[in-house]
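Note that this note's numbering numbers the sequence shown so that position 36 is 36, with each residue one more than the last. Think of the CB as a built atom: it goes at the ideal place given N, C-alpha and C, for glycine as much as any other residue. Keep in mind it's a predicted model, so treat the numbers as computed, not measured. Data first, discussion second: the structure below is written as structure tokens.
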Amino acid sequence: MNPITPSNRLVGLRESVIREMTRLAIQHNAINLSQGFPDFSPHPEIIAAAHRALDEGFNQYAVTWGVPALREAIQAYLQKWYGLEYDATHQITVTCGVTEAIIAALMGIANAGDEVIIIEPYHENYVAAAVFAGAQPVFVPLVPPHYELDLDRLRAAFSNKTRAILLNTPHNPTGRVFTQQELEGVAALCQEFDAVCVTDEIYDQIIYDGQERGVQRKHIPMATLDGMYERTITVNGLGKTFALTGWRLGYACAPESLSQALRTVHDFTTICAPTPLQHAAVAAFQLPDAYLTQLKKDYTARRARMLGILENAHLRATLPEGTYYVLADFSEWVQVLQGQGIADDFEFAEYMTTQVGVAVVPGSSFYKSADLGKQQIRFAFAKKMETLDAAEERLLRARP
Ligand SMILES: Cc1ncc(COP(=O)(O)O)c(C=O)c1O
Numbered sequence: 001m002n003p004i005t006p007s008n009r010l011v012g013l014r015e016s017v018i019r020e021m022t023r024l025a026i027q028h029n030a031i032n033l034s035q036g037f038p039d040f041s042p043h044p045e046i047i048a049a050a051h052r053a054l055d056e057g058f059n060q061y062a063v064t065w066g067v068p069a070l071r072e073a074i075q076a077y078l079q080k081w082y083g084l085e086y087d088a089t090h091q092i093t094v095t096c097g098v099t100e101a102i103i104a105a106l107m108g109i110a111n112a113g114d115e116v117i118i119i120e121p122y123h124e125n126y127v128a129a130a131v132f133a134g135a136q137p138v139f140v141p142l143v144p145p146h147y148e149l150d151l152d153r154l155r156a157a158f159s160n161k162t163r164a165i166l167l168n169t170p171h172n173p174t175g176r177v178f179t180q181q182e183l184e185g186v187a188a189l190c191q192e193f194d195a196v197c198v199t200d201e202i203y204d205q206i207i208y209d210g211q212e213r214g215v216q217r218k219h220i221p222m223a224t225l226d227g228m229y230e231r232t233i234t235v236n237g238l239g240k241t242f243a244l245t246g247w248r249l250g251y252a253c254a255p256e257s258l259s260q261a262l263r264t265v266h267d268f269t270t271i272c273a274p275t276p277l278q279h280a281a282v283a284a285f286q287l288p289d290a291y292l293t294q295l296k297k298d299y300t301a302r303r304a305r306m307l308g309i310l311e312n313a314h315l316r317a318t319l320p321e322g323t324y325y326v327l328a329d330f331s332e333w334v335q336v337l338q339g340q341g342i343a344d345d346f347e348f349a350e351y352m353t354t355q356v357g358v359a360v361v362p363g364s365s366f367y368k369s370a371d372l373g374k375q376q377i378r379f380a381f382a383k384k385m386e387t388l389d390a391a392e393e394r395l396l397r398a399r400p
């Protein structure tokens, strides 16, 4: 038999760098500030609800679109926080994480030859989602140092082949929270070119209150903009807000025709998200608002701690307005790099993980365009303070 080769579809896709860094961190006993997951426990009420769901016998397939009580909880959440009206029966679908929701959305709407606009830097899964859908990704970089969206560049990327734009706000890895003006620019182009906006809003509750660069940041869902509800697929999940990344629970909300398209993909790929965890997730949405207030306070403290560590370690950070990530420039470590024969951000991230003992993600892994992000590494700070203390100790020992 001839050697079996992977499908042509996979050409150009590499395995996730972020997840590879976690494996390297485990292998070298490094403090893992690479992959974006909390090292603290979810709220005890949610865990108790999971135990109850198992004991009460919710162990078989759920209704494919999601347990009704969870869809109703999602409906109430979006209504309460953003005034967004989605009908739980036809317009809300529970998926296996945001990752599945985005793949189902793009596979549901894109045809071969269509283009999908992806803003760089991007979450790694986006490119794979476009490729699985048979679409051609078209990249538009944000403008450093503040990672603003250049609407002229964005306009140049749109064409009559554009089927969708994949947006993410608050944005991983830059921490940007896009402004009304930026979002209106995206909305106008979607309408002019008759494109769909698939918007990943998984960090909607992790936003910092400070007057970042003179502007009060606020999460604005794309679907709330004039003329956008009809052409938006709003994607979100429980992983980040409720510290449940391993539960694999996400959701996609859209008008019925778009929902039907993504539901067909969801139906035949995963059947349903894990049933007992869907039942338990209802308890997450029932937590009092104080949970979300405390979440913001805790992340504000973690961000301050992380920024202090980076400053002491001579790593120049870009202030995140939202999310639990920070990009940092490692140029001042050049002397260390020369001594170690390290040529680029990938080798630097490996050095950090294996020699310094703090795992990070190389900046260029968030870009398709050659040379972008090469002076940067990403830190995830959804960690206990003692984890950050330990990371600081290691970084200060190694800093130039
Ligand atoms: C922007 C963004 N979207 C999606 C995901 C993955 O979400 P999920 O775990 O719900 O699939 C992540 C995880 O880090 C992310 O940062």
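Asked	Found
Classify Ile109 as helix, strand or coil using the three-state DSSP reduction.	helix
Do the CB positions of Gly322 and Val177 come within less than 9 Å of each other?	yes
Going by C-alpha to C-alpha distance, which of Met1, Glu15, Asn32, Ala195 sits closest to Thr353?	Asn32
Assuming Pro163 contacts Ala195 under a Cβ cut-off of 8 Å, what Cβ separation, rounded to an integer in Å, is found between them?	Reading the sequence as shown, one finds Arg at residue 163 and not Pro. Sure, about 6 Å apart at Cβ, within 8 Å.
In terms of DSSP beta bridges, what is Val138 paired with?	Ile117
Give every residue of the same chain whose Cβ lies closer than 8 Å to the Cβ of Gln91, excluding the five residues on either side of it in the sequence, and list them in chain order.	Cys253, Ala254, Pro255, Glu256, Ser259
Give the range of the beta strand (DSSP E) segment to which Val196 is assigned.	196 to 200
Listed by chain order, which residues have C-beta atoms less than 6 Å from any heavy atom of ligand 1?	Gly36, Gly97, Val98, Thr99, His123, Asn168, Asn172, Asp200, Ile202, Gly237, Gly239, Thr245, Gly250
Taking the C-alpha atoms as reference points, what is the distance between Thr410 and Ala398?	This structure cannot settle anything about residue 410, because the visible part of the chain is limited to 1 through 400.
At a cut-off of 8 Å, is Val360 close to ligand 3 when judged by its beta-carbon and the heavy atoms of the ligand?	Ligand 3 is absent from the structure shown, which contains only ligand 1.
So, using beta-carbon positions, are Leu78 and Glu72 closer together than 9 Å?	no
Compute the Euclidean distance between the alpha carbons of Ser365 and Glu15, then round it to the nearest angstrom.	11 Å
Assign Pro288 to buried or exposed, taking buried as 16 or more other Cβ atoms, counted over all protein chains shown, within 10 Å of its Cβ.	exposed
At what residues does the alpha helix (DSSP H) containing Asn125 begin and finish?	125 to 132
At which residues does the alpha helix (DSSP H) containing Ile74 begin and terminate?	68 to 82
Determine the closest residue to Ala280 out of Phe58, Asn2, Phe37, Tyr251, with distance taken between C-alpha atoms.	Phe58
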